[in-house]
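*Asks:*
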Amino acid sequence: MIETSLKQALEIALGYPYERPSSSFVISNGTVEELTSSFDHTNRVPVIACGSNGAPEQLLRKFKNNSEEPVIVTFATLTDFVCCYSAHISGYGAIPTTLVPMLGVQTECHITWLTIDQLEKMHETEALGRNYRYSKLESISINCEINGQLNAAYAYIGIHGNLVHSNAPVALSEIPFTCDLSLPRLSQRALQELMIEKLSLKISVEKFIQENIEDTDLRIQRVRALEKFSQPFTYACETILEN
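Counting from 7, one number per residue, gives the positions in the sequence shown under the numbering used here.
1) Between Pro76 and the rest of its own chain, which residues show a CB-CB distance below 7 Å, the 5 nearest in sequence each way excluded?
2) Apply the 10 Å Cβ neighbour rule to Pro102 and answer buried if 16 or more other Cβ atoms are within range, or exposed otherwise.
3) Shortest alpha-carbon distance to Val51 belongs to which of Asp123, Tyr91, Pro23?
4) Using alpha carbons as the reference points, say which of Val111, Tyr22, His129, Lys204 lies closest to Phe183.
5) Could you check how far apart the C-beta atoms of Gly164 and Ala61 are, in whole angstroms? I think they sit under 8 Å.
6) Can you grab the Cα-Cα spacing for the pair Arg195 / Leu84, in whole Å?
7) Taking Ser44 as the reference, give the member of Ser30, Cys56, Ala55 with the closest Cα.
8) Taking Cβ positions, are Ile219 and Ala15 nearer each other than 9 Å?
9) Enumerate, from N- to C-terminal direction, the unbroken alpha helix (DSSP H) stretches of 4 or more residues contained entirely within the region 53–90.
10) At the level of alpha carbons, what is the spacing between Thr145 and Ala161?
11) Can you grab the Cα-Cα spacing for the pair Glu63 / Val229, in whole Å?
Have a look at this one:
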């Protein structure tokens, strides 16, 4: 990588999960506007966004060539799940998010309401079969700011499970939630530092990220090494649709 592109890559990796508004929004023709009224969701699929898919910055990257249907995202509160770090490293160097079932938790999240074409595009960005599976979650409680209560929705679930530190899942410091338990909450940089420590490496965060971006085989090797610091997603009312 040349210096400028490396700097940009590091900013993208360390910026995860990016700025997520505490409101609903719509992306149309490359612009982001607040969504305050109801919309026709008849032909749209509600997909829980527990990480960067709730951030306009990330969605603009993923749907930069989308010029037809708007991408609709609603703010929501999800009960009995928390957004935690997955036990894998993405191709762009960030350690991303996955849902973790946990009774009594109230988590701020978003729902992307996707058309079939948008869902196919989203699938392409989620490394199905390698890092995530696409599932339907039923018997859940998610209160959507615009559309009210939902008892079922879809989600991308990390197939490597979630990271564990001090016998607990590691939550994202940027995503608010209420919980009676004391969970570790880390920023992306702090989490990367923790992974370097767990993997017994003696390199900087920047070098760790650069290697994970540039060397696919090394990244896969490190993901395998993270298995001993992970726990699988277990939820009785999950139906796996694509894996």
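C-beta atoms are modelled at their ideal positions from N, C-alpha and C, and glycine is treated no differently.
*Replies:* Reading from the atomic positions:
1) Correct list, in chain order: Val32, Ile33, Ser34.
2) With 16 or more Cβ atoms within 10 Å of its Cβ, Pro102 is classed as buried.
3) Each of Asp123, Tyr91, Pro23 was checked against the Cα of Val51, and the nearest Cα belongs to Asp123.
4) Here the closest residue by C-alpha is Val111.
5) Actually they do not touch by this definition, with Cβ atoms about 18 Å apart.
6) Cα to Cα, the separation comes out at about 26 Å.
7) Per the Cα distances, Ser30.
8) Result yes, Cβ atoms of Ile219 and Ala15 sit closer than 9 Å.
9) The region 53–90 contains, as complete alpha helix (DSSP H) runs of 4+ residues, the segments 62–68 (chain order).
10) The displayed chain sequence assigns Ser, not Thr, to residue 145. The alpha-carbon atoms of Ser145 and Ala161 are separated by roughly 14 Å.
11) Straight-line Cα distance between these residues: approximately 26 Å.
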